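Sequential numbering of the sequence shown, starting at 1333, is according to our numbering.
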Amino acid sequence: MHRHLLHLLRIADSLARRDFKEVARLADQKLGLQSSGGKRDAAPEFVEPDQNIWELGWRFRQQGSRLSELAKAAAENPAQVDAATVDREFVNLAKACHECHAVLKDP
1333 MHRHLLHLLR
1343 IADSLARRDF
1353 KEVARLADQK
1363 LGLQSSGGKR
1373 DAAPEFVEPD
1383 QNIWELGWRF
1393 RQQGSRLSEL
1403 AKAAAENPAQ
1413 VDAATVDREF
1423 VNLAKACHEC
1433 HAVLKDP
């Protein structure tokens, strides 16, 4: 969780600076589907409580990929993508993160 939280904070910082290229890079690096090659794998030390956690994690990665794609589009053509739309995708990503950890009951 700390790894994702650190990345979310870095993304928030990049959003505040409107550095959409960096937002996309960070989302791809650890959070999106590209970071796992599309695989649904967990860290070696992770013990899954049930199948539900895989689905929540998968949705989290999909949300990370959506944020990345939208940020890339905003970086390439700022007039085409409203910055508030990228902000909302980040909020959706944070909600997906919270959903997963609420199920795990892990701070």
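Ideal Cβ placement from N, Cα and C applies to all residues, glycine included. Because the structure is a prediction, the values reported are computed rather than measured.
Going by alpha carbons, who is nearest to residue i out of the options?
i	options	result
residue 1348	1424, 1431, 1416 and 1425	1416
residue 1363	1350, 1406 and 1339	1339
residue 1430	1419, 1399 and 1391	1391
residue 1353	1412, 1408, 1432 and 1393	1408
residue 1426	1384, 1350 and 1388	1388
residue 1385	1432, 1336 and 1337	1432
residue 1395	1428, 1414 and 1410	1428
Assuming residue i contacts residue j under a Cβ cut-off of 8 Å, what Cβ separation, rounded to an integer in Å, is found between them?
i	j	result
residue 1356	residue 1404	4 Å
residue 1406	residue 1418	5 Å
Can you tell me whether residue i is buried or exposed, with buried defined as 16 or more other CB within 10 angstroms of its CB?
i	result
residue 1412	exposed
residue 1360	buried
residue 1402	buried
residue 1350	exposed
residue 1358	buried
residue 1393	buried
residue 1341	exposed
residue 1420	exposed
residue 1371	Residue confidence is low: residue 1371 scores 48 on pLDDT, short of 50, so the model does not pin down where it sits. Its coordinate-derived value is still stated next. The residue is exposed, with fewer than 16 neighbouring Cβ atoms inside 10 Å.
residue 1399	buried
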